[in-house]
Amino acid sequence: MRWVLLFLMMPLAALAQDRRPSHCIALAETPGIEYIHRAAFGEALDDYTVRLSYIAHATFILETSGGLTAATDYTGFFGVRDFVPDVVTMNHAHSSHWTPSPDPRIKHVLRGWQQEHHLDLGEMLVRNVATDIRGQFSGDVEEDGNSIFVFEVAGLCIGHLGHLHHEPDQAQYAALGRLDVVMAPVDGGLTLDLPTMVKVLKRLKSSVVIPMHWWADGSLGRFVAGMADEFAIDRRTDSSLEVSLRTLPRRPTVITLRPAYLRAPIE
């Protein structure tokens, strides 16, 4: 009988090992783990490596070496290529951060307002920490209208601050845990003001900070200048980067990417 029990437990144990443990604080032992292995969306990735592609505004695509894909602040449009990610996250502040009509082919649509998420796909865990947002045309506050989504994958903790309107409180910082990579809105107006955003990012001390939600090189430049005293600055013309535990920079670094919509694949 004991051998039968051991045999039944083996599949769950194997699945639990598919995601390299991270130093995030989330618990990985979630029942009903589902692991999906797909062909890579882009060029093949090394094991325990994640590709981050900046699409537009606040939308990024995360791709794992096992072929899982997730898109942040999904608006329904990635470009001319017909691409269906496994997971999309959305935020409620503006129509440029969500869509009421997501592609029905997307299996996991995570709305970042008034909902708590803990989605375990084996290779990737997606969770959220809720924050409040201001009303678009009023001073009203929508509680839990924004989510900071955290992707635990390849031993990394990757965070997307969404449409952050206020500095996280102590409980929210604690819930986030350590973030190795963070995507941060740096417009300095519609989201968090630049001095406070710089304060938040210096407290997080992520190895890689990727600016997003900037309107022109001027606002991007002001943000970079505010970070340059404590962070290295790596300006790139590419729209994507690959990151792993072994390639994280020793000094915290701001890496600027140029957004680019997806093009049709070459036949």
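The opening position of the sequence shown corresponds to residue 17 in the numbering used here, with each subsequent residue numbered one higher. Cβ atoms here follow ideal geometry from the backbone N, Cα and C, with glycine treated the same way.
- Beta-bridge annotation (DSSP): aspartate 102 is not paired with any residue.
- Secondary structure of aspartate 136 (DSSP, three-state): strand.
- Taking a cut-off of 8 Å for Cβ pairs, the region 204–213 and the region 120–130 do not touch, as fewer than three such pairs fall below it.
- In the three-state reduction of the DSSP assignment, leucine 264 falls in the coil class, being assigned neither a helical nor a strand state.
- In the DSSP secondary-structure assignment, cysteine 173 is bridged to Glu168.
- Here the region 229–241 does not lie against the region 185–198, with fewer than 3 beta-carbon pairs under 8 Å apart.
- Contact annotation: the region 133–141 touches the region 76–86, with at least three C-beta pairs closer than 8 Å.
- Per DSSP, the beta-bridge partners of tyrosine 70 are Phe76.
- A straight-line Cα-Cα distance of about 10 Å links lysine 218 and glycine 242.
- If you draw a 10 Å sphere on the C-beta of serine 117, you find fewer than 16 other C-beta atoms in it, and that means exposed.
- With a cutoff of 8 Å on beta-carbon distance, alanine 191 and serine 163 are scored as not near each other.
- If only complete runs of 3 or more residues are kept, the region 191–234 shows the beta strand (DSSP E) at 197–201, 224–228, in order along the chain.
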